[in-house]
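Residue numbers (numbering that gives the first Met the number 0): 0 to 143. A virtual CB, placed ideally from N, CA and C, is assigned to each residue, including glycine. To start, the structure itself, in structure tokens.
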Amino acid sequence: MSETTDQCPAADAPAYRTVAARDVPADRRRGGELRVLLGPKTVGSTSGFMGVACLAPGERIAEHYHPYSEEFLYVARGAITVDLDDRPVPLAAGEALYVPLYVRHRLRNTGPEPAEVVFHLGPLAPRPELGHVDTELAEQRGAS
Numbered sequence: 000m001s002e003t004t005d006q007c008p009a010a011d012a013p014a015y016r017t018v019a020a021r022d023v024p025a026d027r028r029r030g031g032e033l034r035v036l037l038g039p040k041t042v043g044s045t046s047g048f049m050g051v052a053c054l055a056p057g058e059r060i061a062e063h064y065h066p067y068s069e070e071f072l073y074v075a076r077g078a079i080t081v082d083l084d085d086r087p088v089p090l091a092a093g094e095a096l097y098v099p100l101y102v103r104h105r106l107r108n109t110g111p112e113p114a115e116v117v118f119h120l121g122p123l124a125p126r127p128e129l130g131h132v133d134t135e136l137a138e139q140r141g142a143s
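Here it is as structure tokens:
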């Protein structure tokens with residue numbers, strides 16, 4: 000008969016961290032409010048990062064693609080349309096979408112209320128500046 004015991008994690012085990020969205024400054028450079036909650040800078044992750052995007056009605060996140068990372072989107076609140084290589088894909092609260100490598104995408108809040116989208120990207124690019132390629136000019140960004 001085997002016996003189970005409670006074991007403490009090893010002294011060199013990674014620390015567990017929680018991060019509140021309210022404690023992370025919003026990045027508004029590409030439209031909406033983007034907050035990376037769990038990533039290399041916040042928790043030391045090495046395989047990807049996750050965060051939340053908030054979009055007011057009519058607001059959008061400018062078109063871009065990721066040459067090193069797949070992106071996973073989950074609409075927690077509201078309704079959005081994701082343009083995948085110019086093909087609109089509507090998503091409602093409770094729905095998710097997979098965005099493959101190199102696929103151009105833009106997120107637009109097409110509903111009447113604020114939208115909240117949880118995103119995860121992985122694996123990480125070799126350097127942060129290589130992970131995101133903008134495909135819209137600055138004057139094309141902003142409200143839909």
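Counted as a single uninterrupted DSSP element, the alpha helix (DSSP H) harbouring residue 39 occupies residues 39 to 42. For residue 23, there is no enclosing beta strand (DSSP E), as DSSP marks it with neither H nor E. The count of Cβ pairs closer than 8 Å, one atom from the segment 108 to 127 and one from the segment 47 to 58, reaches three, so the stretches are in contact. For the pair residue 69 and residue 37, the CB atoms are not nearer than the 9 Å cut-off.
Between residue 24 and residue 67, the C-beta gap is not smaller than 9 Å, which leaves the two residues out of contact. When the alpha-carbon of residue 31 is set against those of 71, 95, 51, the nearest one is in 51. By a beta-carbon distance limit of 8 Å, residue 63 does not contact residue 119. Their separation comes to about 16 Å. Here DSSP, grouped into helix, strand and coil, assigns residue 70 to strand. Under the three-state reduction of DSSP output, residue 58 falls in the coil class, being neither helix nor strand. Among the bridge pairs identified by DSSP, residue 80 is matched with 89, 107.
Here residue 96 carries a strand assignment [DSSP, helix/strand/coil].
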